[in-house]
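Undergrad: Residue numbers (the working numbering): 103 to 341. Cβ coordinates follow ideal geometry from the N, Cα and C atoms, glycine included. Every value quoted in this text rests on a predicted model; they were computed, and no experiment measured them.
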């Protein structure tokens with residue numbers, strides 16, 4: 103794989119679980135890939151293109167992951183947990199938080215988890231539902247920026263190189279369920295807890311917010327206090 107677009111390519115679709123929520127609901131690779139294509143088309147029609155950035159609220163839910171790969175398919179970068187006063191082209195956040203973001207002129211806000219009161223805010227789930235399930239017609243280069251923080255930017259190639267290191271070091275394979283526990287603000291969390299499981303054909307577990315220890319994986323991304331026997335520290339990921 104040369105870019106994150108390949109992670110959600112047509113050949114990756116299957117009925118195996120890509121994401122599992124804390125209440126046991128699976129989200130198959132087929133559904134996940136198709137939803138990312140739809141998200142990419144939704145974003146593209148709203149002005150998110152290569153060289154621009156999508157802000158994504160740091161929330162343990164499927165929608166932020168779908169949105170992140172949708173942006174990657176366009177060659178746009180993703181910034182998790184952007185500041186309220188941000189210069190991103192678009193932002194995705196829960197419906198009760200999306201109004202906190204002040205975007206520059208032309209910026210678009212997307213809400214998930216409910217219907218927004220503001221007519222200028224687009225409901226993410228409804229927008230995806232109405233989009234065509236086709237891969238957007240764009241080739242993404244490995245040196246395109248995929249992930250940004252307040253201090254650094256990381257290309258598709260760098261993210262995937264770090265991903266392969268994590269997979270090799272922890273022997274992650276399709277039998278694993280990787281619990282995603284720390285903040286997505288940390289790029290090591292994104293690599294080890296999101297990209298690595300998907301590249302390896304494993305599953306991502308999004309623990310229940312009320313009691314995250316109710317559901318456990320075969321390993322986790324987090325500190326030594328996680329309930330799983332094996333923990334991958336985000337700081338240990340070399341980017």
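DSSP three-state label for residue 142, please.
TA: The answer is helix: DSSP assigns residue 142 an H, G or I state.
Undergrad: Residue 306 bridges to which residues according to DSSP?
TA: Paired residue(s): 121, 280.
Undergrad: Going by beta-carbon coordinates alone, are residue 309 and residue 273 separated by less than 8 Å?
TA: No, the pair does not count as a contact, with Cβ atoms beyond the cut-off.
Undergrad: Given 8 Å as the limit, is there contact between the segment 254 to 261 and the segment 229 to 237, that is, 3 or more CB pairs closer than that?
TA: Segments in contact, no.
Undergrad: Can you tell me which of 187, 214, 117 puts its alpha carbon nearest to the alpha carbon of residue 194?
TA: The shortest Cα separation from residue 194 among 187, 214, 117 belongs to 214.
Undergrad: Go ahead and pull the three-state DSSP assignment for residue 259.
TA: Reduced to three states, the DSSP call for residue 259 is helix.
Undergrad: Tell me, please, which residues DSSP counts as bridged to residue 182.
TA: In DSSP, residue 182 forms a bridge with 158.
Undergrad: Do you know how far the Cα of residue 134 is from the Cα of residue 305?
TA: Roughly 11 Å between the two C-alpha positions.
Undergrad: Pick out the complete beta strand (DSSP E) segments inside the segment 201 to 260, 3 residues or longer, and give them in chain order.
TA: List check, beta strand (DSSP E) in window: 210 to 214, 247 to 250, 255 to 257.
Undergrad: Distance, Cα to Cα, residue 236 vs residue 121?
TA: If I take the Cα positions, the gap works out to 21 Å.
Undergrad: Hey, residue 197 and residue 209: beta-carbon distance below 8 Å or not?
TA: No, the Cβ-Cβ distance between residue 197 and residue 209 is not below 8 Å.
Undergrad: Run through DSSP, which three-state label would residue 334 get?
TA: Strand.
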